[in-house]
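What follows is the structure, encoded as structure tokens:
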């Protein structure tokens, strides 16, 4: 029986941590170690974590990336699963993902579906196995069922071993967007199940739904991914351009609405320069193609549409 290490970074998570951990304790898989990384919480997170009798590591606040990295280093399992402290896993999720990797020894990552609804979704028990490069291409093109989240996936621990093994970039937001391409290219094959394994809590006040200067890290993430793929896997550069276009267009909209004029100018220049490549890429999503057409019509029109969309 292979052990699964479930890493839960927790910062001021007293409101949801019990529900999160209890969803793991309900799993029917018998060999799970729970590692809660208390990331400098100032509420009762540490006390709640300790009450479960699981492994708790407390450290000064360093952000989710540092907390996840700490958990990786402490993990003793053959498999690793990331769970955010305000989310939960569906019953049977871990055993299902483990069975996929054990029945497919050439696969290094098992990917389940994520949902913001607690309603059970019936699975058709479909499993798709693909080469890592092909899986990453679909992810870069933002195809349905392919996401950049580090959560909702079971990884073989060996992917995290070695001097060149991926880690989360400390001090940055959009850490998953920058991490996932590097991790996928460490893998041989990746398996996708149509089973919903992970429940994430939708929050309109969360980081992704509000404006702050750290949102600009999205540009760092896509620029880093573009540079990485241009060097390590040139066949994916067109897909990287598509994802880069999405990020720059989104941050342009945010910048316009929030009066960040210099940032808006910077983003629009990049959007305009990428537009021809987007329009000639048959794989890029329809939303990007519309955005490219609008961008070629001029900044004024894009700005008007940005203000109306918020």
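Numbering (this note's numbering), first residue to last: 4 to 313. Heads up, the beta-carbon is just placed ideally off N, CA and C, and yes, glycines get one too. What you are looking at is a predicted structure, and each value in this text was computed from that prediction instead of being measured.
| Item | Value |
| --- | --- |
| To the nearest angstrom, how far is it from the Cα of residue 195 to the Cα of residue 82? | 16 Å |
| Between residue 153 and the ligand FMN, is there a pair consisting of the residue's CB and a ligand heavy atom that are separated by less than 7 Å? | Of ligands this structure carries none, so the ligand FMN is not represented either. |
| What's the C-alpha gap between residue 210 and residue 278? | No answer about residue 210 holds up, because its pLDDT of 48 lies below 50 and its placement is not dependable. |
| Going by beta carbon distance, what residues of the same chain come within less than 6 Å of residue 299, once the five residues before and after it are set aside? | 278 |
| Can you check the region 219-253 for any alpha helix (DSSP H) of at least 4 residues that lies completely inside it and give the ranges in chain order? | 220-235 |
| Let me make sure I understand the geometry here. Which of 235, 225 and 262 has the alpha-carbon closest to that of residue 244? | 225 |
| In the DSSP output, which residue or residues are listed as bridge partners for residue 84? | 9 and 157 |
| Report the rounded CA-to-CA distance for residue 84 versus residue 12, giving the unit in angstroms. | 12 Å |
| Taking the alpha-carbon positions, what's the residue 223 to residue 64 distance? | 22 Å |
| Going by CA-CA distance only, name the one from 152, 157 and 159 that's closest to residue 171. | 152 |
| Which class does residue 132 belong to by DSSP, given the choice of helix, strand or coil? | strand |
| Would you report the Cα separation of residue 302 and residue 274, rounded to the nearest angstrom? | 10 Å |
| Here's the rule: buried if 16 or more other CB atoms are within 10 angstroms of the residue's CB, otherwise exposed. What is residue 205? | exposed |
| Contact check, residue 103 vs residue 86 under 8 Å by CB: the rounded distance? | Going by Cβ atoms, the distance from residue 103 to residue 86 rounds to 18 Å, so no, they are not a contact pair. |
| Please list the terminal residues of the continuous beta strand (DSSP E) segment that includes residue 115. | 110-118 |
| Check whether the region 158-165 and the region 175-193 are in contact - that is, three or more C-beta pairs closer than 8 Å. | yes |
| Who are the Cβ neighbours of residue 173 in its own chain at under 6 Å, not counting the five residues just before and after it? | 68 and 69 |
| Just to confirm the assignment, what range does the alpha helix (DSSP H) spanning residue 41 have? | From DSSP, residue 41 is part of no alpha helix (DSSP H) but of the beta strand (DSSP E) over 35-42. |
| Which residue's Cα is closest to the Cα of residue 282: 235, 276 and 292? | 292 |
| Within this structure, are the beta carbons of residue 96 and residue 38 separated by less than 8 Å? | no |
| With DSSP run on the structure shown, which of helix, strand or coil describes residue 210? | Legend: pLDDT at residue 210 = 48, less than 50; position of this residue unreliable, value from coordinates given subsequently. If DSSP states are grouped into helix, strand and coil, residue 210 belongs with the helices. |
| Select from 74, 54 and 55 the residue whose C-alpha is nearest the C-alpha of residue 62. | 74 |
| Would you mind reading off the limits of the beta strand (DSSP E) that contains residue 90? | It is not in any beta strand (DSSP E) - residue 90 carries neither H nor E in the DSSP assignment. |
| Check each candidate in 31, 22, 30 and 66 and name the one with the smallest Cα separation from residue 51. | 22 |
| Can the beta-carbon of residue 3 be found closer than 8 Å to that of residue 156? | The displayed coordinates of the chain run from 4 to 313. Any statement about residue 3 would go beyond what the structure contains. |
| Would you call the CB atoms of residue 239 and residue 175 closer than 8 Å? | no |
| So residue 288 packs on residue 177, CB below 8 Å; how close in whole Å? | Contact doesn't hold; Cβ gap of about 19 Å is too wide. |
| Grab me the residues of residue 270's own chain with a C-beta within less than 7 Å of its C-beta, minus the 5 sequence neighbours each way, in chain order. | 251, 254, 255 and 258 |
| So which of 128, 8, 197 and 135 has the shortest CA-CA distance to residue 236? | 135 |
| From residue 218 to residue 201, what distance separates their C-alpha atoms? | 25 Å |
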